[in-house]
Structures are given as structure tokens and as C-alpha cells.
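The numbering used here numbers the first residue of the sequence shown as 47 and each following residue consecutively.
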Amino acid sequence: MRRLAGCVWIPRRRTYHNITHPSLPNYIAATSGLPQAALGRFRSDCNAVGRCRTRAESMIKSCQPQFKSPYAASHNPAVYYRGLTDCSEHDVGLGQLQRDLDADNPDGKPFELESEDCVRLLREGVQYYHRYVSFWHLERYELCARDTSRNLRLFAFVRQYARHTKDKLQFDQWRPYVTMMHARAVATPLIGLKEYGAALGAISTGLRIILGLERAHLGGKS
């Protein structure tokens, strides 16, 4: 790898291995270029080298240090670098990506997903499907909810950017099912905790979304 994470230049290597566990020290090592022995108190004493640009999925506000599922600050090393005075400008949510592309290419074509892009995204979504079904049977409901939420965001992404209607429908046909699985994954552990009101709220939300999808399609809306 010659350039990693858009931050630093490192020597070309044939492979890259983690230096330790859990994940955060590895992100710091990868973006700072420091070996494990030099990391020290990495949460406060390391500074990134060069310019960084992070677009973090599910991050609510720029340079967010607080954990709020599904966003995990420990997977976003920028928030741990005390020397990044412009962190709030360069460590932003994934939604900023399209705005950045438009600003960099004011005369360019709008971002669109071609059919071959959608094919690859669908294959990726199927991998998440197999995983969340496995989590469901293992009764890891929080992980099932995480992955179903991810696929619902994928469907919304394709619906917004796919060039062809047929590609949008290829994903949209699965929205009722994944919405149902997400509602079940959220509600089931709440029932186990006897939080019946919260469980009913999750189920009602899922039903409302599914009925809305039905009305939209029966009404001829795209």
C-alpha cells in the first residue's frame, strides 16, 4: 500500500497486518504511520501526518467523539488526534460526499449508479442478508437490527442515485421484508425485557412503513 486513508505516505508493502486488539490502535497506527512501540498514549499524544478527509457513515455531527449506534467513534481515528484543528471541517458524515463531488466538479454530470454498479451493490446486500439471518437464529438481535438497518440505507441510496427505474425496483422489492425483519429484531429483545410499549412501538413503526410502501406502489408512484 502506497497511500492509506488519504492521510500519510508509507512504504510499499505486500501485506498489512494488525498490530494489536481491539481495532482503535490499528486505525491510529495505520493513519499515523507509527509502530506499536511508538504509539504511547495514542488517545491524546499522536497527531496525524498530512491532510485527511473522512466521511463516516451514520455520524450525526462532524468530528463526533460520542458513540451512537451504529456509529462507532473507535473506527474514526480523526477524533483522537488533538492536532487536527480543522477536524470539524474534514471529518464529516457520509452525506457530505455528494456535496463534495458537486463542488469539485461544478460542470460535471450528477452522480448516478449504472446497472453494473447496482449489480455489485446487490451482491453486497445479499452477503449482509445471509449474515443478519444468521444473527437472528443465533438470537443476536442487536446485530440483526444493525445489518437490516444497513441494507435499508443501501436501498435508499440506490433509490436516490440509480439511473434506471428497473434497478431501483430490484432493490425496492425487498424493502417490506427487510423492514419486517428490522422491526422484529428491535422488538424481540424488548419483549424479553418486558418493555412491551417500546416493542409495540417498533412493530407499529415497521407496519406503518410497509403499508406506506404498499400505498406508494399501488398508487403508481416510483
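All C-beta atoms in this analysis are idealised placements derived from N, C-alpha and C, irrespective of residue type, glycine included.
Around the C-beta of G171, 16 or more other C-beta atoms lie within 10 Å, and the residue is accordingly described as buried.
Contact between G154 and R101 fails: their C-beta atoms lie close to 18 Å from each other, not under 8 Å. In terms of Cα proximity to A75, the closest of S120, L198, L246, A244 is S120. Sixteen is the threshold: when 16 or more other Cβ atoms of the shown chains lie within 10 Å of the Cβ of D193, as they do, the residue is buried. Under the three-state reduction of DSSP output, L184 falls in the coil class, being neither helix nor strand. DSSP places A102 inside the beta strand (DSSP E), whose first and last residues are 100 to 102.
Membership of V125 in any beta strand (DSSP E) is not indicated, and neither H nor E is assigned to it by DSSP. Here Y242 is exposed. Its C-beta has fewer than 16 other C-beta atoms within 10 Å.
Cα atoms of W182 and A191: separation of roughly 9 Å, rounded to the nearest angstrom.
Beta-carbon to beta-carbon, D137 and S108 are separated by about 6 Å, close enough to satisfy the 8 Å threshold. Annotation: T251 to S78 spans about 44 Å, alpha carbon to alpha carbon.
Beyond the five residues adjoining it in sequence on each side, P222 comes within less than 7 Å, by CB distance, of I256, L259 in the same chain, given in chain order. Taking the Cα positions, K240 is about 21 Å away from L253. In the DSSP assignment, A208 forms a beta bridge with L159. In this structure, K214 sits away from V224, with a CB-CB distance that is not shorter than 8 Å.
A direct Cα-Cα distance of roughly 26 Å separates N122 from Y207. CA-CA distance, N72 to A124, rounds to 13 Å. Judged by DSSP in its simplified three-state form, G141 adopts coil rather than helix or strand.
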